[in-house]
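Visitor: Protein chains in written order, with my numbering: chain A, 1099 to 1249; chain B, 1099 to 1249. Backbone N, C-alpha and C fix where the C-beta goes; we use that ideal spot for every residue, glycine too.
Number of protein chains: 2
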Amino acid sequence: MDNQQLKLNNQICFPIYSVSRLITKAYKPFLEEMGLTYPQYLVLLVLWEKDNIAMNKIGEKLLLNTNTLSPLIKRMEKMELLQRKRSDKDERSVFIQLTEKGRGLKNTAIPIPEKLLNTLLTEDITPTEIMLLKDTLNKWSDILLDRQNDK
Amino acid sequence: MDNQQLKLNNQICFPIYSVSRLITKAYKPFLEEMGLTYPQYLVLLVLWEKDNIAMNKIGEKLLLNTNTLSPLIKRMEKMELLQRKRSDKDERSVFIQLTEKGRGLKNTAIPIPEKLLNTLLTEDITPTEIMLLKDTLNKWSDILLDRQNDK
DNA sequence: CAAAATTAAATCGTGCACGATACAAATGTA
DNA sequence: TACATTTGTATCGTGCACGATTTAATTTTG
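#1: Buried or exposed, going by whether 16 or more other CB atoms sit within 10 Å of the CB of residue 1232 (chain B)?
#2: If you compare alpha carbons, which of A:1146, A:1129, A:1237 and A:1141 is closest to residue 1156 (chain A)?
#3: When you compare the CB of residue 1207 (chain B) with every CB in chain A, is at least one pair closer than 8 Å?
#4: Give every residue of the same chain whose Cβ lies closer than 7 Å to the Cβ of residue 1174 (chain B), excluding the five residues on either side of it in the sequence, and list them in chain order.
#5: Residue 1204 (chain A) by DSSP, collapsed to three states: which one?
#6: Below 8 Å on the Cβ atoms is my contact criterion, and I expect residue 1192 (chain B) with residue 1183 (chain B) to pass it. Report the Cβ-Cβ distance as a whole number of Å.
#7: With 16 as the cutoff for other CB atoms within 10 Å, does residue 1159 (chain B) come out buried or exposed?
#8: Please tell me whether residue 1236 (chain B) has its Cβ less than 8 Å away from any Cβ of chain A.
#9: How far does the alpha helix (DSSP H) with residue 1109 (chain B) in it reach, from first residue to last?
#10: Only counting the same chain, and skipping five residues up and downstream in sequence, which positions put a Cβ closer than 7 Å to that of residue 1199 (chain A)?
#11: Could you tell me the boundaries of the alpha helix (DSSP H) in which residue 1196 (chain B) lies?
#12: Along chain A, which residues have their Cβ under 8 Å away from the Cβ of residue 1112 (chain B)?
#13: Could you spell out where the alpha helix (DSSP H) holding residue 1187 (chain B) opens and where it closes?
#14: In angstroms with no decimal places, state the Cα-to-Cα distance between residue 1111 (chain A) and residue 1118 (chain A).
#15: Please state the DSSP three-state secondary structure of residue 1180 (chain B).
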C-alpha cells in the first residue's frame, strides 16, 4: 500500500481546491465595489459576451445547474442588472437580458484583470502557491494524456 | 480598452473555478461510499498524516477559517470519526484525535487516487478541460513571475 | 389524437465558505 | 495587580453548489 499517494499535496483535490478559494478571495474586493458575488460576476461575463440568451445556455457555459442559477439570477434581477423574460415560442425557457445598469458595469469591470495581478503579487497568493498548482496540474494532465494514449 | 481580457476563458477565475467544481464532483461517488463530503475528506487527509493536532493547525494546512472548520468538525465528531478535546494547558485550543473508525477509513481511501484517474478519463472532465486550466495557469504564473522579477 | 418521454425551471434540504460579531482564556504592559 | 490587547473558538446570516423532487410545457410515438 502506497501511503505517499494519500499525502495532501500529492492529491489533485487539495491544491486546486485551495487555490480556487484564494483566487475567489482575491477577486472579492473588486467585486464588492460593484456589489457582486463571484458567480454573479461570471454570469455578467457571459452576458457581456452575448446578451439575451437562454438561462440554460448560461448554465452550459458556466457548468452550473438551474437549481444554482435560478435563485442567483433572480437576485440579479432584483438588483436591476438584468431582466428575465419567458420565451414566446417555448414557454419553458427563460431569456436573460442585460439592463442599462448591467451593461454599464462592464466599464467598471474592464480594469479588474489588471488590478487582480497586483493583488496576486502583493497579497495572499504567492507565486509559490500558483507554481504548486501548476506543477500538480502538469503532473495530472500528463498522466491523463498517457492513459488516454494507451487506449 | 481591451475587451478581449474580459472574455470568459481569458480570465483566470472561470477555468479554475469550474475545474475545481468538476474535480469535486469526480470525487463525490467515492466519498459518498465513506459517507464523507469533500472538505471532510481533506480534514481526514490531514489527520492521517498527523493525528492529535490543534484545530487551528488543521485550518492553517487547509486554509480554512474556524467558522468553517468548527461546525464541520462537530459533524465529524457526531459521525464518530474523531474526538474534540480542549487542551488542559490552554483552554482556548481544541485538539482533534481520530477514533478507531476514523483511522480505519484510511484503508478505504487508499485506492481513491487511482480510481479517480479512471473517472477523469471516462467521465465529465475531458483532458481538454484539464489542458485549458493548465494553459491558463501557465500563462498566469509566467506573468506573475515576470512581474516579480521586475521589482 | 392521446399517452409517454423529454426538457426547462423552480423548490427544498444539506453542507460548505466567509464576513461580522461575541466571548473567554492568555498575554502584555503600565 | 488592574487593564488593554491578542488569540482560539464558536455563532449568525448570506450566498452559493448540488442531489432529489415537482411542475409545466413541448416533443415523440403508437
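Guide: In short:
#1: Within the second sequence, the letter at position 134 stands for residue 1232 (chain B). Per the 10 Å Cβ criterion, buried.
#2: On the first sequence, position 58 is the one that residue 1156 (chain A) refers to. Here the closest residue by C-alpha is A:1141.
#3: As a working mapping, residue 1207 (chain B) is identified with position 109 in the second sequence. Cβ-Cβ to chain A under 8 Å: yes for residue 1207 (chain B).
#4: Translated into positions along the second sequence, residue 1174 (chain B) becomes position 76. Apart from the 5 residues on each side of it in sequence, residue 1174 (chain B) sits with its Cβ closer than 7 Å to the Cβ of 1138, 1141 and 1180 in its chain, given in chain order.
#5: The sequence position of residue 1204 (chain A) within the first sequence is 106, counting from 1. Correct three-state label for residue 1204 (chain A): helix.
#6: Your numbering for residue 1192 (chain B) matches position 94 in the second sequence. Your numbering for residue 1183 (chain B) matches position 85 in the second sequence. About 7 Å separates the two Cβ atoms, so the contact holds.
#7: Mapped onto the second sequence, residue 1159 (chain B) falls at position 61. Its Cβ being crowded by 16 or more others within 10 Å, residue 1159 (chain B) is buried.
#8: Your numbering for residue 1236 (chain B) matches position 138 in the second sequence. Interface residue, yes.
#9: Here the question's residue 1109 (chain B) lines up with position 11 in the second sequence. Annotation: residue 1109 (chain B) is outside any alpha helix (DSSP H) and is labelled neither H nor E by DSSP.
#10: Here residue 1199 (chain A) refers to the residue found at position 101 of the first sequence. For residue 1199 (chain A), same chain residues with a beta-carbon under 7 Å away, outside a window of 5 residues either side, are 1178 and 1179 in chain order.
#11: Within the second sequence, numbered from 1, the residue matching residue 1196 (chain B) stands at position 98. Following the DSSP letters along the chain, one finds residue 1196 (chain B) in no alpha helix (DSSP H) but inside the beta strand (DSSP E) bounded by residues 1192-1196.
#12: Walking along the second sequence from the start, residue 1112 (chain B) turns up at place 14. Scanning chain A for C-beta atoms nearer than 8 Å to the C-beta of residue 1112 (chain B) yields 1140, 1143 and 1160, reported in chain order.
#13: The sequence position of residue 1187 (chain B) within the second sequence is 89, counting from 1. No alpha helix (DSSP H) holds residue 1187 (chain B); DSSP gives it neither H nor E.
#14: Residue numbering aside, residue 1111 (chain A) sits at position 13 when the first sequence is read from its first letter. Residue numbering aside, residue 1118 (chain A) sits at position 20 when the first sequence is read from its first letter. Taking the CA atoms as reference points, residue 1111 (chain A) sits about 11 Å from residue 1118 (chain A).
#15: As a first step, residue 1180 (chain B) must be located in the second sequence, where it is residue number 82. Residue 1180 (chain B): strand per DSSP, three-state reduction.
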